[in-house]
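Asker: Chain order of the listed sequences is C and Y. Counting from 1, one number per residue, gives the positions in the first sequence under our numbering. Counting from 121, one number per residue, gives the positions in the second sequence under our numbering. Ideal placement from N, C-alpha and C gives every residue a C-beta, glycine not left out. Only a predicted model underlies this, so the values are computations on that prediction, with no experimental measurement involved.
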Amino acid sequence: MNEPMSAPDDQAGWQELPSALQDLYNQLIAAYWAAATDEARDKVRARAEAISDLLSKINAAALSKRTGQYKQIQASLAPMAKELGELKDEIDHLIRNVKVAAQVANAIAKVAEAAAKVLT
Amino acid sequence: MQTKIVLGFGLGLLLTLAACTSPEAGKRIDAFSQAVALTSANTKSAFDAVESNYREAQVARIVANYDDQGFNPELIKPFLSTADLEARLLVLNGLQEYALRLSEIMGDQQMNALDVETDRLGRAMQAVNEDFVKDRFFPKAGRHDREVNGFTTAINALGHWLIDARRQRGVKQTIARMQEPVSNICQLLVLDIGPAPGAEGVPPAGLRVQLSNQYKLILMEQDAFIRKNKGALDPIARRNEIRALAALVTEQQKADATLQAMQQAVQQLNETHAQLARAFSKKPAHLDVLTRQLVADGKRISAFYRSLENNDK
Numbered sequence: 001m002n003e004p005m006s007a008p009d010d011q012a013g014w015q016e017l018p019s020a021l022q023d024l025y026n027q028l029i030a031a032y033w034a035a036a037t038d039e040a041r042d043k044v045r046a047r048a049e050a051i052s053d054l055l056s057k058i059n060a061a062a063l064s065k066r067t068g069q070y071k072q073i074q075a076s077l078a079p080m081a082k083e084l085g086e087l088k089d090e091i092d093h094l095i096r097n098v099k100v101a102a103q104v105a106n107a108i109a110k111v112a113e114a115a116a117k118v119l120t
Numbered sequence: 121m122q123t124k125i126v127l128g129f130g131l132g133l134l135l136t137l138a139a140c141t142s143p144e145a146g147k148r149i150d151a152f153s154q155a156v157a158l159t160s161a162n163t164k165s166a167f168d169a170v171e172s173n174y175r176e177a178q179v180a181r182i183v184a185n186y187d188d189q190g191f192n193p194e195l196i197k198p199f200l201s202t203a204d205l206e207a208r209l210l211v212l213n214g215l216q217e218y219a220l221r222l223s224e225i226m227g228d229q230q231m232n233a234l235d236v237e238t239d240r241l242g243r244a245m246q247a248v249n250e251d252f253v254k255d256r257f258f259p260k261a262g263r264h265d266r267e268v269n270g271f272t273t274a275i276n277a278l279g280h281w282l283i284d285a286r287r288q289r290g291v292k293q294t295i296a297r298m299q300e301p302v303s304n305i306c307q308l309l310v311l312d313i314g315p316a317p318g319a320e321g322v323p324p325a326g327l328r329v330q331l332s333n334q335y336k337l338i339l340m341e342q343d344a345f346i347r348k349n350k351g352a353l354d355p356i357a358r359r360n361e362i363r364a365l366a367a368l369v370t371e372q373q374k375a376d377a378t379l380q381a382m383q384q385a386v387q388q389l390n391e392t393h394a395q396l397a398r399a400f401s402k403k404p405a406h407l408d409v410l411t412r413q414l415v416a417d418g419k420r421i422s423a424f425y426r427s428l429e430n431n432d433k
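1) Pick helix, strand or coil for N430(Y), following the three-state DSSP scheme.
2) Could you check what DSSP says for N192(Y) in three-state terms: helix, strand or coil?
3) Could you work out which residue in A375(Y), L158(Y) and F152(Y) is closest to E429(Y) when comparing CA atoms only?
4) Would DSSP call E237(Y) helix, strand or coil?
5) Label V291(Y) either buried or exposed according to how many other C-beta atoms from any shown protein chain fall within 10 Å of its C-beta, with 16 as the threshold for buried.
6) Beta-carbon of R47(C) versus every beta-carbon of chain Y: anything under 8 Å?
7) Round the Cβ separation of R279(Y) and L234(Y) to the nearest angstrom and send it over; I've been treating them as touching at under 8 Å.
8) How big is the Cα-Cα spacing for A277(Y) and M226(Y)?
9) So if I threshold CB-CB distances at 8 Å, which residues from the stretch 78-94 of chain C count as touching chain Y?
10) Nearest chain C C-beta to S427(Y) closer than 8 Å, yes or no?
11) By the three-class DSSP mapping on this structure, what secondary structure does F228(Y) have?
12) Just to confirm my understanding: we take D187(Y), look at its own chain, exclude 5 residues before and 5 after, and list those with CB closer than 8 Å. What are they?
13) What residues in the stretch 37-63 of chain C bring their beta carbon closer than 8 Å to a beta carbon of chain Y?
14) Are the beta-carbon atoms belonging to A177(Y) and Q413(Y) less than 8 Å from one another?
15) Contact defined as beta carbons within less than 8 Å: I believe L55(C) pairs with Y32(C). What is the distance between those atoms, to the nearest angstrom?
16) Is the stretch 299-315 of chain Y close to the stretch 351-364 of chain Y, with three or more CB pairs under 8 Å?
17) Closer than 8 Å, CB to CB, is Q22(C) near chain Y or not?
18) Consider the Cβ of D417(Y): report whether some Cβ of chain C lies at a distance smaller than 8 Å.
19) Between the stretch 61-76 of chain C and the stretch 193-206 of chain Y, are three or more C-beta pairs nearer than 8 Å?
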């Protein structure tokens, strides 16, 4: 995992740092492909790798800053799922009532059949 | 006679009410559920793809620098922490579960169960001995089976109407209450995906920028590997390595275009959810168009991420 970087919003310059680093990275990449010798390419590559690490850390930190908001939303989703589960149960209960009525009618039919045999 | 008229009127009324329900709403909500499932799965794939590409960049760098720096397991680290990734996956799972439950409630399963039970009720009542019990159940309604049929049909129609009315009310309320969380999730995901690489006036942050930077690094490291080993590679192996470099450029463009499409799909998911309460109206044309488009985009995005997975195998 990238080590979290502190990213205080109130510090002047912090907002501009990622853009400045990104510009530098883009220029280093362009310089790499434009370099005439292997030696020059390797020197540029080493610097680009270091800047790439920094940019990744800054980017991961920016994403990490939103994690708390995701957790808050997650907490608000649970009651909704419960609510929909209860609604489904309520409808199932209505169906169960019809099922019970069918069972009662079945039982009556059996009793009636038995009684009819005795009484006729 | 009077009882028959009342029964007939009641039955007619119930059948009319049952006919007022919207059977298309279930299909629309099911389509929305499918769209949410696709968008959520694709968003997970997007995070996976960036993570996997990050690992690939680290490996390319280790390979290019191996002669000078050797190998150290500490050099391989994930881009995002498990906690950061898990928070997002949990929310996406929650969103999927919400859509699935909506679809379950609006589906045919419960209506079919009701039909089965009312059918059983009808058959049980038919089975009651005609001469002995029917006199007690329907002493004034006559002795014919059609009263029993009418009764069970009415129970069935009433059940359909009650279920439909209850679920419409419940589902509409839930959709309304879910609009804010859905909107917040979509906004966060849009921010996570971030601006296009090189976009002016916005901080270079998000998955698109990260992925672009990683591809640039991979290209550079693979080029360094080819240069360092130019004497050791036979012409065919060298050609394959150079071809792989060129293929990476195309893959980078496709990967960014897919993330952009993903971002649009997330925005559209929010818009579609806002229209979802209209699923119960007669002609929610805009909702239908949005849902169809969302499913089509979702399938295209999914195909790209599957192709990346296949490349890894």
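Answerer: From the atom records:
1) helix
2) coil
3) A375(Y)
4) helix
5) buried
6) no
7) One detail in the question is off: residue 279(Y) reads as Gly in this sequence, not Arg. Right, the Cβ-Cβ distance comes to about 5 Å (below 8 Å), so this counts as a contact.
8) 17 Å
9) A78, M80, A81, E83, L84, G85, L87, K88, E90, I91, D92 and L94
10) no
11) One point to set straight first is that residue 228(Y) is Asp, not Phe, in the sequence displayed. Correct three-state label for D228(Y): coil.
12) K348
13) D38, R41, D42, R45, A48, E49, S52, L55, S56, I58, N59, A60, A62 and L63
14) no
15) 16 Å between Cβ atoms; not a contact.
16) no
17) yes
18) no
19) yes
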